[in-house]
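Going by our numbering, the final residue of the sequence shown carries number 303, and the count climbs one at a time with no gaps.
C-beta atoms are modelled at their ideal positions from N, C-alpha and C, and glycine is treated no differently.
Just below is one structure, and these are the notes that go with it.
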Amino acid sequence: MGQPTISIISVPFGYGAGRPGSEQGPDSILKFGLVKKLEQLGYDVDAGRRIQLPTSLTPYPTTRMKHVDQVMAVCSQLAREAASAASAGSIPLMLGGDHSIAMGSLAGLSRHYPNMGVIWVDAHSDLNTEITSPSGNMHGIPLAAALGLTQLKLTQILPGAVQLKPENCVIIGARDLDRDEKTLIRSRGITCFTMYEIDRLGIEHVVQEALRIAGTGTDGLHVSFDIDSVDPFEAPGTGTPVRGGLSYREAHLAMELMSESGLITSVDMVEVNPSLDRNNQTSKLAVELLGSLFGSRIL
(Lines of atoms letter the chains of each structure in order from A and count residues from 1; the text may use other names and numbers.)
(Lines give C-alpha, C1' and ligand atoms only; values in the text may rest on other atoms or scores of the structure.)
Protein backbone atom coordinates (compact mmCIF):
# COMPACT_ATOMS: atom_id res chain seq x y z
CA MET A 1 0.00 0.00 0.00
CA GLY A 2 1.48 3.37 -1.04
CA GLN A 3 1.68 6.62 0.83
CA PRO A 4 -1.57 8.63 1.09
CA THR A 5 -2.30 11.68 -0.99
CA ILE A 6 -1.46 15.12 0.31
CA SER A 7 -3.91 17.77 -0.85
CA ILE A 8 -2.21 21.15 -0.84
CA ILE A 9 -4.72 23.96 -0.41
CA SER A 10 -3.15 27.33 -1.18
CA VAL A 11 -4.72 30.30 0.61
CA PRO A 12 -3.07 33.50 -0.67
CA PHE A 13 -4.78 35.72 1.87
CA GLY A 14 -3.41 38.36 4.22
CA TYR A 15 -6.35 40.51 5.34
CA GLY A 16 -6.23 38.96 8.80
CA ALA A 17 -2.72 40.24 9.49
CA GLY A 18 -1.48 43.68 10.46
CA ARG A 19 1.17 43.87 7.74
CA PRO A 20 0.75 43.00 4.05
CA GLY A 21 2.74 40.24 2.39
CA SER A 22 1.59 36.94 3.88
CA GLU A 23 -0.72 36.54 0.89
CA GLN A 24 2.47 35.84 -1.09
CA GLY A 25 3.38 32.94 1.20
CA PRO A 26 1.77 29.98 -0.60
CA ASP A 27 3.26 30.75 -4.00
CA SER A 28 6.68 31.32 -2.47
CA ILE A 29 6.60 28.02 -0.55
CA LEU A 30 5.55 26.19 -3.70
CA LYS A 31 8.20 27.98 -5.75
CA PHE A 32 10.94 26.56 -3.56
CA GLY A 33 10.11 22.95 -4.19
CA LEU A 34 7.46 21.75 -1.78
CA VAL A 35 5.66 19.50 -4.29
CA LYS A 36 8.90 17.91 -5.49
CA LYS A 37 10.04 17.27 -1.90
CA LEU A 38 6.78 15.59 -0.95
CA GLU A 39 6.79 13.47 -4.11
CA GLN A 40 10.36 12.38 -3.37
CA LEU A 41 9.09 11.20 0.01
CA GLY A 42 6.64 8.92 -1.80
CA TYR A 43 3.43 10.89 -1.59
CA ASP A 44 0.91 11.53 -4.29
CA VAL A 45 0.44 15.29 -4.27
CA ASP A 46 -2.64 17.17 -5.37
CA ALA A 47 -1.53 20.81 -5.54
CA GLY A 48 -4.44 22.18 -7.53
CA ARG A 49 -6.68 23.50 -4.76
CA ARG A 50 -6.54 27.28 -4.38
CA ILE A 51 -8.78 29.65 -2.42
CA GLN A 52 -9.62 33.04 -3.89
CA LEU A 53 -11.35 35.97 -2.20
CA PRO A 54 -14.80 36.20 -3.78
CA THR A 55 -16.03 39.46 -5.26
CA SER A 56 -19.32 39.24 -3.37
CA LEU A 57 -19.03 39.21 0.42
CA THR A 58 -21.59 38.30 3.07
CA PRO A 59 -21.75 41.08 5.70
CA TYR A 60 -21.20 40.03 9.31
CA PRO A 61 -22.15 42.00 12.42
CA THR A 62 -19.81 44.92 12.99
CA THR A 63 -17.17 44.35 15.66
CA ARG A 64 -13.82 45.88 16.52
CA MET A 65 -12.16 43.30 14.30
CA LYS A 66 -10.85 44.29 10.88
CA HIS A 67 -11.83 42.72 7.53
CA VAL A 68 -14.27 40.27 9.12
CA ASP A 69 -16.24 39.83 5.89
CA GLN A 70 -13.13 38.98 3.86
CA VAL A 71 -11.79 36.57 6.47
CA MET A 72 -15.08 34.73 6.81
CA ALA A 73 -15.53 34.47 3.03
CA VAL A 74 -12.11 32.90 2.57
CA CYS A 75 -12.48 30.64 5.61
CA SER A 76 -15.84 29.36 4.34
CA GLN A 77 -14.28 28.35 1.03
CA LEU A 78 -11.29 26.80 2.76
CA ALA A 79 -13.52 24.86 5.14
CA ARG A 80 -15.32 23.22 2.24
CA GLU A 81 -12.05 22.30 0.53
CA ALA A 82 -10.51 20.93 3.74
CA ALA A 83 -13.61 18.85 4.50
CA SER A 84 -13.65 17.53 0.93
CA ALA A 85 -9.96 16.55 1.03
CA ALA A 86 -10.29 14.83 4.41
CA SER A 87 -13.42 12.97 3.31
CA ALA A 88 -11.53 11.69 0.25
CA GLY A 89 -8.90 10.15 2.54
CA SER A 90 -6.26 12.75 1.77
CA ILE A 91 -4.06 14.72 4.18
CA PRO A 92 -5.07 18.38 3.86
CA LEU A 93 -2.07 20.75 3.89
CA MET A 94 -3.12 24.39 4.08
CA LEU A 95 -0.57 26.98 2.96
CA GLY A 96 -1.24 30.49 4.24
CA GLY A 97 -1.64 33.29 4.24
CA ASP A 98 -2.05 34.67 7.73
CA HIS A 99 -3.17 32.58 10.69
CA SER A 100 -6.81 33.68 10.46
CA ILE A 101 -7.23 31.00 7.80
CA ALA A 102 -6.96 28.35 10.53
CA MET A 103 -10.60 29.05 11.37
CA GLY A 104 -11.44 27.70 7.93
CA SER A 105 -9.12 24.72 8.32
CA LEU A 106 -10.58 23.78 11.68
CA ALA A 107 -14.20 24.33 10.64
CA GLY A 108 -13.80 21.96 7.70
CA LEU A 109 -11.66 19.38 9.44
CA SER A 110 -13.83 19.24 12.56
CA ARG A 111 -16.80 18.16 10.47
CA HIS A 112 -14.76 15.11 9.41
CA TYR A 113 -12.97 14.68 12.78
CA PRO A 114 -15.54 15.81 15.36
CA ASN A 115 -13.24 14.94 18.27
CA MET A 116 -10.07 16.48 16.87
CA GLY A 117 -6.90 17.36 18.75
CA VAL A 118 -4.77 20.37 17.82
CA ILE A 119 -1.10 21.22 18.32
CA TRP A 120 -0.69 24.97 17.87
CA VAL A 121 2.97 25.85 17.24
CA ASP A 122 3.19 29.62 17.53
CA ALA A 123 4.93 32.51 19.27
CA HIS A 124 1.40 33.67 20.16
CA SER A 125 -1.61 31.79 21.48
CA ASP A 126 -4.17 33.43 19.14
CA LEU A 127 -6.65 33.33 22.01
CA ASN A 128 -7.89 36.90 21.87
CA THR A 129 -11.55 37.62 21.24
CA GLU A 130 -13.38 40.49 19.58
CA ILE A 131 -13.48 42.16 22.99
CA THR A 132 -9.91 41.57 24.15
CA SER A 133 -7.95 41.94 20.89
CA PRO A 134 -5.51 44.87 21.20
CA SER A 135 -5.08 45.22 17.43
CA GLY A 136 -8.36 44.07 15.90
CA ASN A 137 -6.42 41.81 13.52
CA MET A 138 -8.23 38.56 12.83
CA HIS A 139 -5.08 36.42 12.92
CA GLY A 140 -5.08 36.91 16.69
CA ILE A 141 -8.37 35.06 17.35
CA PRO A 142 -8.50 31.73 15.43
CA LEU A 143 -7.83 29.37 18.33
CA ALA A 144 -10.31 31.24 20.51
CA ALA A 145 -12.89 30.97 17.72
CA ALA A 146 -12.25 27.24 17.35
CA LEU A 147 -12.87 26.84 21.09
CA GLY A 148 -16.18 28.70 20.84
CA LEU A 149 -14.97 31.73 22.81
CA THR A 150 -15.63 34.42 20.18
CA GLN A 151 -18.82 35.96 18.82
CA LEU A 152 -18.02 34.38 15.44
CA LYS A 153 -18.55 30.62 15.48
CA LEU A 154 -17.13 27.82 13.36
CA THR A 155 -20.68 26.88 12.37
CA GLN A 156 -20.97 30.28 10.64
CA ILE A 157 -18.02 29.25 8.52
CA LEU A 158 -19.32 25.76 7.78
CA PRO A 159 -22.54 24.16 9.06
CA GLY A 160 -21.75 20.98 10.95
CA ALA A 161 -18.39 22.23 12.24
CA VAL A 162 -17.57 21.19 15.80
CA GLN A 163 -15.74 23.39 18.29
CA LEU A 164 -12.55 22.12 19.87
CA LYS A 165 -12.26 20.91 23.44
CA PRO A 166 -9.68 22.82 25.51
CA GLU A 167 -8.25 19.60 26.94
CA ASN A 168 -7.37 18.46 23.40
CA CYS A 169 -5.45 21.65 22.49
CA VAL A 170 -1.74 22.17 23.11
CA ILE A 171 0.24 25.33 22.37
CA ILE A 172 3.99 25.05 21.76
CA GLY A 173 6.51 27.89 21.56
CA ALA A 174 4.48 30.75 23.05
CA ARG A 175 6.43 33.77 24.22
CA ASP A 176 4.20 36.78 23.50
CA LEU A 177 0.89 36.43 25.34
CA ASP A 178 -1.60 39.17 26.16
CA ARG A 179 -3.02 39.41 29.68
CA ASP A 180 -6.47 38.12 28.74
CA GLU A 181 -4.93 35.22 26.80
CA LYS A 182 -3.00 34.16 29.89
CA THR A 183 -6.23 34.23 31.89
CA LEU A 184 -8.00 32.07 29.30
CA ILE A 185 -5.19 29.53 29.18
CA ARG A 186 -5.32 29.08 32.94
CA SER A 187 -9.11 29.17 33.34
CA ARG A 188 -9.84 26.81 30.44
CA GLY A 189 -7.11 24.31 31.25
CA ILE A 190 -5.32 24.66 27.91
CA THR A 191 -1.86 23.11 27.91
CA CYS A 192 0.67 25.77 26.89
CA PHE A 193 4.37 24.99 26.62
CA THR A 194 6.05 28.37 26.51
CA MET A 195 9.70 28.84 25.59
CA TYR A 196 10.39 28.63 29.32
CA GLU A 197 9.17 25.01 29.42
CA ILE A 198 11.04 24.23 26.20
CA ASP A 199 14.25 25.65 27.69
CA ARG A 200 13.82 23.68 30.91
CA LEU A 201 12.38 20.40 29.66
CA GLY A 202 13.72 20.21 26.11
CA ILE A 203 11.80 20.13 22.86
CA GLU A 204 11.62 16.31 22.77
CA HIS A 205 9.81 16.08 26.10
CA VAL A 206 7.48 18.94 25.19
CA VAL A 207 6.47 17.48 21.82
CA GLN A 208 5.97 13.98 23.22
CA GLU A 209 3.72 15.42 25.92
CA ALA A 210 1.84 17.47 23.34
CA LEU A 211 1.27 14.37 21.23
CA ARG A 212 0.05 12.46 24.27
CA ILE A 213 -2.37 15.19 25.36
CA ALA A 214 -3.73 16.15 21.93
CA GLY A 215 -3.58 12.63 20.50
CA THR A 216 -5.24 10.62 23.27
CA GLY A 217 -8.93 9.90 22.73
CA THR A 218 -9.13 12.05 19.61
CA ASP A 219 -10.05 10.98 16.08
CA GLY A 220 -7.68 13.31 14.20
CA LEU A 221 -4.68 15.48 15.05
CA HIS A 222 -4.14 18.82 13.34
CA VAL A 223 -0.86 20.76 13.46
CA SER A 224 -1.19 24.50 12.97
CA PHE A 225 2.37 25.77 12.46
CA ASP A 226 2.99 29.51 12.49
CA ILE A 227 6.46 30.21 11.14
CA ASP A 228 6.91 32.93 13.80
CA SER A 229 7.28 30.10 16.31
CA VAL A 230 10.83 29.85 14.96
CA ASP A 231 13.37 32.44 16.08
CA PRO A 232 13.48 35.40 13.64
CA PHE A 233 17.21 34.78 13.10
CA GLU A 234 16.13 31.63 11.23
CA ALA A 235 12.73 32.85 10.00
CA PRO A 236 12.89 36.62 9.39
CA GLY A 237 10.10 36.63 6.80
CA THR A 238 7.07 36.93 9.04
CA GLY A 239 4.88 39.82 10.12
CA THR A 240 4.97 39.40 13.92
CA PRO A 241 8.51 38.21 14.80
CA VAL A 242 9.40 37.65 18.46
CA ARG A 243 12.96 37.03 19.62
CA GLY A 244 13.83 33.87 21.53
CA GLY A 245 11.92 31.31 19.49
CA LEU A 246 12.58 27.75 18.41
CA SER A 247 16.01 27.11 16.97
CA TYR A 248 16.47 25.56 13.55
CA ARG A 249 17.05 22.10 15.02
CA GLU A 250 14.31 22.40 17.66
CA ALA A 251 11.79 23.17 14.92
CA HIS A 252 12.96 20.26 12.80
CA LEU A 253 13.00 17.84 15.73
CA ALA A 254 9.46 18.88 16.65
CA MET A 255 8.31 18.06 13.13
CA GLU A 256 10.27 14.81 13.03
CA LEU A 257 8.75 13.63 16.31
CA MET A 258 5.26 14.47 15.14
CA SER A 259 5.95 12.57 11.93
CA GLU A 260 7.17 9.51 13.83
CA SER A 261 4.00 9.49 15.95
CA GLY A 262 1.88 8.60 12.90
CA LEU A 263 -0.94 10.68 14.40
CA ILE A 264 -0.96 13.77 12.19
CA THR A 265 -3.98 14.01 9.89
CA SER A 266 -3.78 17.64 8.66
CA VAL A 267 -1.49 20.67 8.73
CA ASP A 268 -1.45 24.47 8.43
CA MET A 269 1.75 26.32 7.51
CA VAL A 270 1.09 30.03 7.91
CA GLU A 271 2.49 33.55 8.24
CA VAL A 272 5.36 33.22 5.76
CA ASN A 273 5.78 36.78 4.46
CA PRO A 274 8.18 36.92 1.49
CA SER A 275 8.11 40.74 1.42
CA LEU A 276 9.90 40.76 4.80
CA ASP A 277 12.25 37.85 4.09
CA ARG A 278 16.02 37.71 3.54
CA ASN A 279 17.06 35.75 0.44
CA ASN A 280 13.88 33.65 0.65
CA GLN A 281 15.24 32.08 3.84
CA THR A 282 11.81 31.68 5.48
CA SER A 283 10.06 30.17 2.47
CA LYS A 284 12.85 27.64 2.11
CA LEU A 285 12.65 26.83 5.82
CA ALA A 286 8.90 26.21 5.53
CA VAL A 287 9.57 23.69 2.76
CA GLU A 288 12.24 21.96 4.87
CA LEU A 289 10.03 21.79 7.95
CA LEU A 290 7.11 20.35 6.02
CA GLY A 291 9.52 17.80 4.59
CA SER A 292 10.47 16.76 8.12
CA LEU A 293 6.82 16.51 9.13
CA PHE A 294 6.16 14.19 6.21
CA GLY A 295 9.10 11.89 6.73
CA SER A 296 12.34 13.50 5.52
CA ARG A 297 15.32 12.50 7.67
CA ILE A 298 19.04 13.30 7.79
CA LEU A 299 19.99 9.62 7.31
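Problem - Residue ranges of each alpha helix (DSSP H) within the stretch 56-127, 4 or longer - result: 72-91 and 106-116
Practice task
Whole angstroms is fine: what's the gap from Lys17's alpha carbon to Gly25's?
Solution key: Sequence check: residue 17 is Phe here, not Lys. So the two alpha carbons sit approximately 9 Å from each other.
Practice task
Compute the distance between the beta-carbons of Gly327 and Gly29, then report whether it is under 7 Å.
Solution key: There is no way to answer for residue 327, as the model of the chain reaches only from 5 to 303.
Exercise for the section: Please check the pair Gly193 and Glu171, which I expect to be a contact at CB under 8 Å, by giving their CB distance rounded to whole angstroms. Expected result: 6 Å
Exercise for the section: For the alpha helix (DSSP H) holding Asp184, just list the boundary residues, first then last. Expected result: Arg183 to Arg192
Exercise for the section: Could you pull out every unbroken beta strand (DSSP E) segment of at least 3 residues lying fully inside the stretch 204-246, listed in chain order? Expected result: 224-230
Practice task
Tell me whether the beta-carbon of Ile33 lies closer than 7 Å to the beta-carbon of Leu97.
Solution key: no
Practice task
Return the CA-CA distance between Ala90 and Pro8, expressed in angstroms with no decimal places.
Solution key: 11 Å
Practice task
On a CA-only basis, which of Gly206, Ala92 and Leu61 is nearest Ser80? Give me that one, please.
Solution key: Leu61
Exercise for the section: Compare the C-alpha of Asp126 against each of Gly20, Asp235 and Ser191 and name the closest. Expected result: Asp235
Handout entry: Which residues DSSP lists as bridging Ala178, in chain order
Key = Thr198
Handout entry: Buried versus exposed, by CB contacts within 10 Å (16 or more), Ser296
Key = buried
Exercise for the section: Could you tell me which of Leu303, Lys186 and Gly243 sits nearest to Glu260, measuring between CA atoms? Expected result: Leu303
Exercise for the section: Ignore the nearest five residues each way along the sequence and tell me which others in Leu45's own chain have a CB closer than 8 Å to its CB. Expected result: Gln7, Gly295, Phe298, Gly299 and Ser300
Handout entry: Per-residue burial, Asn277 [other beta carbons within 10 Å of its own, 16 or more giving buried]
Key = buried
Handout entry: Any 3 or more C-beta pairs closer than 8 Å across the stretch 172-184 and the stretch 249-260
Key = yes
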